[in-house]
Amino acid sequence: MIVNLIDYLKERMQTVKVFGAIAVAAMVVWTIVGVDTHHAHTWMEAHIPGFWAMFSVLSCVVLIYFARWFGKSGIMTREDYYGD
Amino acid sequence: METSFIHPSLILIFGALLLPLIKEPFRKIYLCGVPLLTFLDVVYLSWHPGVYGVVSFMGDWTLTFGRVDNLSMIFAFIMALMAIIGTVYGLHVKDDVQHVAAWCYVSGSLGVIYSGDYLVLFLFWELMAFASTFLIWFNKEPGSLAAGYRYLLVHTFGGVLLLLGFVLRYQVTGDLSFVQLDENNTQLFTWLIMAGLMLNAAVPPLHSWLPDAYSKATVTGAVFMCAFTTKTAVYTLARAFAGFDILIVLGVIMAIYGIVYAMMENDIRKLLGWEIVSQVGYMVAGVGIGTALAINGTCAHAFAHILYKGLLFMAAGALIHATGKSKFTEFGGLYRKMPNTLFFMVIGGISVSAFPFFSGFVSKSMIISASFESHLMVAGFLLTMVSVGTFLVAGLRLPYLIFFGEDRCSKETQAAATDPPWNMHMAMAAAAFLCLLIGSYLPFLYNMLPYKEVAYHPYTGYHLSETLQILAFAAVAFIFLKDKLGARPTISLDLDWFYRMSGRGFLWLAKNPIQWLDTAWGSAYKVVGLYSLMVIAKFSSWFDWHGIDGVVDGSARCVRAMGRRVAVVFQRGQIQQTLYYSITFAAILLISYVWS
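Same order as they appear, the protein sequences are chains A and B.
In this text, residue positions in the first sequence follow the working numbering: the first is 1, and each later residue adds one.
In this text, residue positions in the second sequence follow the working numbering: the first is 1, and each later residue adds one.
Dropping the structure here:
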């Protein structure tokens with residue numbers, strides 16, 4: 001059942017992407033228009049539309065590139081480094 | 001009615017002792033029954049809070065085995081529950097000693113949670129470390145033996161720190177009770193106790209043992225280990241160090257550190273181990289914040305964490321059980337072969353990523369809210385950043401690299417990959433159901449929290465919109481940046497480098513300079529000692545032969561020669577002559593005697 005579902009979606013990748021994009025866009029519109037930001041923790045959240053979306057993308061970029069840089073600075077090494 | 005107290009640990013320990021005597025067809029029933037009985041005992045105790053099992057020991061000391069209060073109840077509940085799930089997951093394991101080790105380990109954890117003083121705590125603390133080491137050693141994989149020794153040594157070190165700490169405290173205060181320590185009056189013992197407890201919680205820089213050991217444990221052993229050690233340590237920190245500011249800093253560092261290493265990791269269980277470090281970071285930060293909401297959040301997150309992390313370790317274990325492989329570089333595109341494992345791993349992944357209606361959503365956010373409410377903006381934002389990273393790693397990278405994308409499997413892996421036996425399915429289904437239950441039916445978890453008067457509502461429009469934005473855009477970012485998170489055949493150096501290298505340095509020292517010194521000493525002895533000894537021996541032999549023997553033999557020869565001369569002169573052979581000389585000699589003697 002799970003395999004069939006995945007294969008079904010994989011065959012219609014383009015449609016899945018379009019629906020995904022529509023869903024994300026709808027969600028963003030809802031967060032800007034429909035959500036009460038009175039309970040936000042900080043000023044930024046209440047006044048910058050889509051704050052958490054930007055925060056999320058920025059976090060991904062920062063974490064991924066930091067991990068890459070950190071790993072390549074000599075932390076990531078060959079598997080038999082310790083001889084086992 | 002008097003409440004009868006049977007320590008839940010005792011049920012597990014006696015159960016473990018009797019297990020080798022139980023044979024099929026009763027064995028499987030017995031295996032399920034013992035942890036179930038323990039769980040029922042824990043539930044029974046939680047209906048009757050109080051202090052039990054108080055024993056006077058060696059006159060001066062009072063040992064408390066059963067402190068049942070709001071904080072210990074929730075931790076004991078989830079530990080006992082996880083013991084059932086873990087045992088069902090390992091039901092196919094024929095080797096009795098593995099179950100014995102696992103149950104002793106759980107009993108150690110329950111013992112720590114119910115303990116009211118440092119002596120009892122220490123007893124069970126060491127039982128945990130000792131029993132869990134066997135869960136690593138039972139794995140036949142190369143490297144497990146060494147990893148087990150490292151684990152044991154590190155935990156022995158932690159145990160010694162804790163022992164030093166509470167003995168010093170006893171010397172100063174005369175008190176052994178395990179209670180909240182005073183932040184305004186910290187002394188050496190405060191920090192020693194904290195370091196001892198933090199080592200088990202894997203707080204940097206005392207964390208490297210965790211990914212190292214958990215990735216080398218047996219398939220079922222890792223499922224137990226991921227639940228008990230760190231969360232028991234979180235409980236002890238919450239008990240003794242609530243509100244210590246340094247824990248906020250360490251917790252946030254820990255959360256970031258763990259997630260960065262998880263992004264670089266190639267071994268599935270090591271990745272999950274790094275994620276434990278990261279998630280326990282939230283709990284440590286929550287303990288550091290120390291408000292009622294933060295402590296509630298810590299307990300809730302520990303509860304939720306045990307279940308979803310157990311589920312992830314069970315799914316990873318199913319992969320290793322089937323294929324014998326554990327690295328991303330040896331997996332890929334397996335969704336057709338192991339669809340159910342994929343399903344459970346995704347449930348675990350979206351629970352840890354705090355999807356709405358799953359457990360992380362109602363627990364993690366409590367800690368983040370507590371940090372914002374305490375005006376710790378930096379901590380709040382950094383912890384939110386880590387939760388984005390958590391989704392990237394556990395929700396996306398983990399299933400993607402195993403079940404989708406490029407197929408890096410060998411033919412053997414492809415052939416061997418299949419969904420696990422029924423008991424593993426059952427255990428994973430139970431954990432997955434509980435992840436959903438916690439996230440969807442709030443009273444189940446929230447009614448167990450220690451501070452019931454603090455209300456928290458996770459399902460507000462704002463929290464939902466915040467979470468959905470974070471998740472959706474992390475997913476979008478993953479689509480564009482997934483190559484940067486690909487599978488690479490590497491390991492990541494960490495602080496264990498220092499003790500592994502110093503161990504290696506010691507080995508080098510032993511193999512090279514010390515061995516050289518030993519050889520040199522041997523040669524020197526051969527040259528100087530042995531030679532001079534030979535010379536002395538030769539001389540004494542010569543002296544004996546020529547000196548002593550010469551004198552003795554010479555005097556003997558001299559006596560013999562003189563005798564011969566005397567015989568030649570006086571003994572001519574005629575008896576008359578001999579008589580004549582003899583009598584003359586006697587007469588002379590007689591006359592000279594009379595004369596004088």
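We put the CB at the ideal spot given by N, CA and C, even for glycine.
List the whole-angstrom C-beta distance separating B:P443 from B:T341, where the pair is believed to meet the contact cut-off of C-beta under 8 Å.
Taking the second sequence and counting its residues from 1, the one referred to as residue 443 of chain B is at position 443. Taking the second sequence and counting its residues from 1, the one referred to as residue 341 of chain B is at position 341. Between B:T341 and B:P443 the Cβ distance is about 31 Å, and since that is not below 8 Å, they are no contact.
Practice task
Pull up the DSSP beta-bridge partners for B:I575, would you.
Solution key: The residue given as residue 575 of chain B occupies position 575 in the second sequence. DSSP, once it has assigned bridges, lists no residue as partnering B:I575.
* **Min CB distance B:N139 to chain A below 9 Å** => Counted from its first residue, the second sequence places residue 139 of chain B at position 139. No, B:N139 lies away from the interface with chain A (no Cβ there is under 9 Å from its Cβ).
Between B:G50, B:T87, B:I6, which lies nearest to B:A431 when the distance is taken from Cα to Cα?
Position 431 of the second sequence, counting from 1, holds the residue named residue 431 of chain B. Of the listed residues, the one whose Cα sits closest to B:A431 is B:T87.
Starting from the Cα of B:F130, find the closest Cα among B:C558, B:V100, B:G53, B:V552 and give me that residue. Taking the second sequence and counting its residues from 1, the one referred to as residue 130 of chain B is at position 130. The candidate whose alpha carbon is nearest that of B:F130 is B:V100.
Where the alpha helix (DSSP H) containing B:L63 begins and where it ends
Indexing the second sequence from 1 puts residue 63 of chain B at position 63. Element bounds for B:L63: not the alpha helix (DSSP H) but the beta strand (DSSP E), 61–68.
Do you know offhand how far B:E412's Cα is from B:N266's? Walking along the second sequence from the start, residue 412 of chain B turns up at place 412. Walking along the second sequence from the start, residue 266 of chain B turns up at place 266. Roughly 20 Å separates the two Cα atoms.
Subject >> Assigned exposure category for B:W274 - 16 Cβ within 10 Å defines buried >> reply: Counting from one through the second sequence, the residue named residue 274 of chain B turns up at place 274. Label assigned to B:W274: buried.
Checklist line | Contacts of B:R336 in chain A (Cβ-Cβ under 7 Å) | finding: In the second sequence, the residue the question calls residue 336 of chain B occupies position 336. What B:R336 touches in chain A: V3.
Runs of alpha helix (DSSP H) wholly within the segment 418–496 of chain B (minimum 4 residues, chain order):
Fully enclosed alpha helix (DSSP H) runs of 4 or longer: 422–440, 442–446, 461–481.
ask   = How many angstroms separate the CA atom of B:T584 from the CA atom of B:G550?
value = For the purposes of this step, residue 584 of chain B is taken as residue 584 along the second sequence, with counting starting at 1. For the purposes of this step, residue 550 of chain B is taken as residue 550 along the second sequence, with counting starting at 1. Distance between B:T584 and B:G550, taken at the CA atoms: about 39 Å.
Which value, in whole angstroms, describes the spacing of the CA atoms of A:M76 and B:C32? The residue given as residue 76 of chain A occupies position 76 in the first sequence. The residue given as residue 32 of chain B occupies position 32 in the second sequence. A:M76 and B:C32: Cα-Cα distance of roughly 43 Å.
Three-state secondary structure (DSSP) at B:D182? Walking along the second sequence from the start, residue 182 of chain B turns up at place 182. B:D182 falls in the coil class under three-state DSSP.
Worksheet item: With respect to the beta strand (DSSP E) encompassing B:R150, which residues constitute its N-terminal and C-terminal limits?
Response: Mapped onto the second sequence, residue 150 of chain B falls at position 150. DSSP places B:R150 outside any beta strand (DSSP E); the residue lies instead in the alpha helix (DSSP H), whose first and last residues are 144–173.
- [ ] At 7 Å on the CB atoms, spell out the chain A contacts of B:P339, in chain order.
- [x] As a working mapping, residue 339 of chain B is identified with position 339 in the second sequence. The answer, in chain order, is I2, V3.
Which two residues bound the contiguous alpha helix (DSSP H) that contains B:S371? Stepping through the second sequence from its first residue, residue 371 of chain B is reached at position 371. Boundaries of the alpha helix (DSSP H) harbouring B:S371: 359–373, taken from the DSSP string.
Q) Expressed to the nearest angstrom, what Euclidean distance is found between the alpha-carbon atoms of B:V172 and B:T232? A) Here residue 172 of chain B is taken as the residue at index 172 of the second sequence, counted from 1. Here residue 232 of chain B is taken as the residue at index 232 of the second sequence, counted from 1. Looking at the two C-alpha atoms, the distance is approximately 27 Å.
- Name, please, each residue of chain B whose Cβ falls closer than 7 Å to the Cβ of A:A26. As a first step, residue 26 of chain A is located in the first sequence; it is residue number 26 there, counting from the start. Here the premise fails: no neighbours, minimum Cβ distance about 10 Å.
| task | State the DSSP-derived secondary structure class of A:D80, mapped to helix, strand or coil. | result | Counting from 1 along the first sequence, the entry for residue 80 of chain A is found at position 80. In the structure shown, A:D80 sits in coil (DSSP, three-state: anything other than H, G, I, E or B).
Original post:
Using DSSP with H/G/I as helix, E/B as strand and the rest coil, what is B:M1?
Top reply: The residue labelled residue 1 of chain B in the question sits at position 1 within the second sequence. With a pLDDT of 45 at B:M1, under the threshold of 50, the modelled position of this residue cannot be trusted; read the value that follows with caution. Residue state, collapsed to three classes: coil.
- Message: Using a Cβ distance threshold of 8 Å, determine whether the segment 373–380 of chain B contacts the segment 466–479 of chain B, with at least three qualifying pairs required.
- Response: No contact exists between the segment 373–380 of chain B and the segment 466–479 of chain B.
Task: With 16 other Cβ atoms within 10 Å as the buried cut-off, status of B:V552 - done: On the second sequence, position 552 is the one that residue 552 of chain B refers to. Residue burial is scored here from C-beta neighbours: B:V552 has fewer than 16 other C-beta atoms within 10 angstroms and is therefore classed as exposed.
If you reduce the DSSP assignment to three classes, tell me which class B:Y52 lands in. One-based indexing of the second sequence puts residue 52 of chain B at position 52. Strand, per DSSP.
Going along the chain, which residues of its own chain have a beta-carbon closer than 7 Å to the beta-carbon of B:Y118, five neighbours each way excluded?
As a working mapping, residue 118 of chain B is identified with position 118 in the second sequence. Here B:Y118 has F166, L176, F178 as same chain residues with Cβ atoms under 7 Å from its own Cβ, once five neighbours each way along the sequence are excluded.
Check your understanding: Would you say B:Y459 reaches chain A, if we count a Cβ-Cβ gap shorter than 9 Å as a contact?
Key -> In the second sequence, counting from the first residue as 1, residue 459 of chain B sits at position 459. Output row for B:Y459: interface = no.
Within-9 Å CB hit, A:R68 to chain B: As a first step, residue 68 of chain A must be located in the first sequence, where it is residue number 68. Taking Cβ atoms only, chain B reaches closer than 9 Å to A:R68, which makes this a yes.
Practice task
Give the residues of chain A in contact with B:G380, contact being defined as C-beta atoms less than 7 Å apart.
Solution key: Here residue 380 of chain B refers to the residue found at position 380 of the second sequence. Within chain A, the residues near B:G380 are H41.
- Task: Would you mind telling me which residues of chain B sit closer than 9 Å to A:R78, beta carbon to beta carbon, in chain order?
- Result: In the first sequence, the residue the question calls residue 78 of chain A occupies position 78. Simply P489, T490, I491.
Reference B:R239, options B:R269, B:A217, B:D69, closest by Cα
Numbered from 1 along the second sequence, position 239 holds the residue referred to as residue 239 of chain B. Considering only alpha carbons, the answer is B:D69.
Cβ of A:E11 within 9 Å of any chain B Cβ:
As a working note, residue 11 of chain A is residue 11 in the first sequence. No, because no Cβ of chain B sits closer than 9 Å to the Cβ of A:E11.
Next item on the list: Taking only beta carbons into account, state which residues of the segment 385–400 of chain B come closer than 7 Å to chain A, listed in chain order.
Entry: Residues of the segment 385–400 of chain B with a C-beta less than 7 Å from any C-beta of chain A: M385, V388, G389, L392, listed in chain order.
> So what does DSSP say about B:S72, is it helix, strand or coil?
Replying inline: As a first step, residue 72 of chain B is located in the second sequence; it is residue number 72 there, counting from the start. Looking at B:S72 - three-state DSSP - the assignment turns out to be helix.
(message) Is the separation between the beta-carbon of B:A227 and that of B:V287 shorter than 9 Å?
(response) For the purposes of this step, residue 227 of chain B is taken as residue 227 along the second sequence, with counting starting at 1. For the purposes of this step, residue 287 of chain B is taken as residue 287 along the second sequence, with counting starting at 1. Result no, Cβ atoms of B:A227 and B:V287 do not sit closer than 9 Å.
Check: Would the segment 306–325 of chain B and the segment 349–365 of chain B be scored as touching if the rule is three or more Cβ pairs under 8 Å?
Finding: Touching, per the Cβ criterion.
Within this structure, are the beta carbons of A:T37 and A:A53 separated by less than 9 Å? Counting from one through the first sequence, the residue named residue 37 of chain A turns up at place 37. Counting from one through the first sequence, the residue named residue 53 of chain A turns up at place 53. Against a cut-off of 9 Å, the Cβ pair of A:A53 and A:T37 comes out as no contact.
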